[in-house]
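Notes follow once the structure below has been shown.
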Ligand SMILES: [Zn+2]
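As C-alpha cells, then:
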C-alpha cells in the first residue's frame with residue numbers, strides 16, 4: 001500500500017501522520033533533537049537551503065543556471081561549520097576573523113551565485129550577518145580591498 005503512487009497524498013495517510021506526530025514518544029524525540037547541536041543547525045538552516053535551491057526559479061535563463069548547479073544540502077552546511085570550527089577553534093567569520101555568536105552567522109558564497117558562483121564547499125564560508133551584508137555581490141578579495149578594519153597581515157592568513 002505505501003508504494004502505491006499518490007498514497008502519501010491521501011487523507012488516510014495524512015491522518016496517520018498527524019496522529020503519529022502527536023504520540024508522546026515522538027514529541028519527546030523531536031524536542032530532544034531540537035536541543036541538539038545537529039538539530040539546532042538543521043532547523044536554523046531549513047529556510048537557507050530552501051531559498052538557495054529555489055531562488056533561480058524566476059525565469060528561463062535562471063532555470064538553466066540552476067539546473068547546472070549542485071544543490072545546497074544540510075550536509076554541506078554542516079561540514080562547512082565543522083571545518084570552520086576545526087580551523088579557528090571557534091565559529092569564526094572568515095572575512096573579519098572575529099568569533100561569531102550563535103544566531104549572528106550567515107553563509108556566504110565567496111563568488112556570489114549571481115556572478116556564476118556555485119554551492120560547492122570551496123565556495124562557501126561562514127561570516128557575520130553584518131560582514132556578509134557589507135560584502136554584497138563582491139568576491140572576498142574585492143571586499144578586503146575596501147575593508148580598512150582588516151590588517152594586511154590578517155588578510156594574508158585568511159583562507
Ligand atoms: Zn565578520
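Numbering (our numbering), first residue to last: 1 to 159.
We treat Cβ as the ideally placed atom computed from N, Cα and C, and that holds for glycine.
Every value quoted in this text rests on a predicted model; they were computed, and no experiment measured them.
Have a look at the options and flag the residue whose alpha-carbon is nearest the alpha-carbon of residue i.
| i | options | result |
| --- | --- | --- |
| residue 119 | 82, 73 and 19 | 73 |
| residue 91 | 117, 126, 108 and 77 | 126 |
| residue 69 | 41, 114, 143 and 36 | 114 |
| residue 45 | 23, 13 and 80 | 80 |
| residue 107 | 97, 123, 143 and 40 | 123 |
| residue 111 | 103, 105 and 132 | 132 |
| residue 37 | 102, 145 and 24 | 102 |
| residue 96 | 146, 137 and 48 | 146 |
At the level of alpha carbons, what is the spacing between residue i and residue j?
| i | j | result |
| --- | --- | --- |
| residue 15 | residue 6 | 15 Å |
| residue 100 | residue 109 | 17 Å |
| residue 19 | residue 9 | 16 Å |
| residue 52 | residue 11 | 31 Å |
| residue 35 | residue 41 | 10 Å |
| residue 93 | residue 141 | 15 Å |
| residue 17 | residue 39 | 21 Å |
| residue 144 | residue 116 | 20 Å |
| residue 24 | residue 33 | 14 Å |
| residue 152 | residue 98 | Unreliable placement is indicated for residue 152, whose pLDDT of 47 sits below 50; the coordinate value is still reported in the next sentence. Their Cα atoms are separated by approximately 15 Å. |
Look at residue i and residue j and say whether their C-beta atoms are less than 7 Å apart.
| i | j | result |
| --- | --- | --- |
| residue 76 | residue 121 | yes |
| residue 135 | residue 104 | no |
Is the region 15-29 close to the region 81-88, with three or more CB pairs under 8 Å?
As far as the Cβ criterion goes, the region 15-29 does not touch the region 81-88, which means the pair count is below three.
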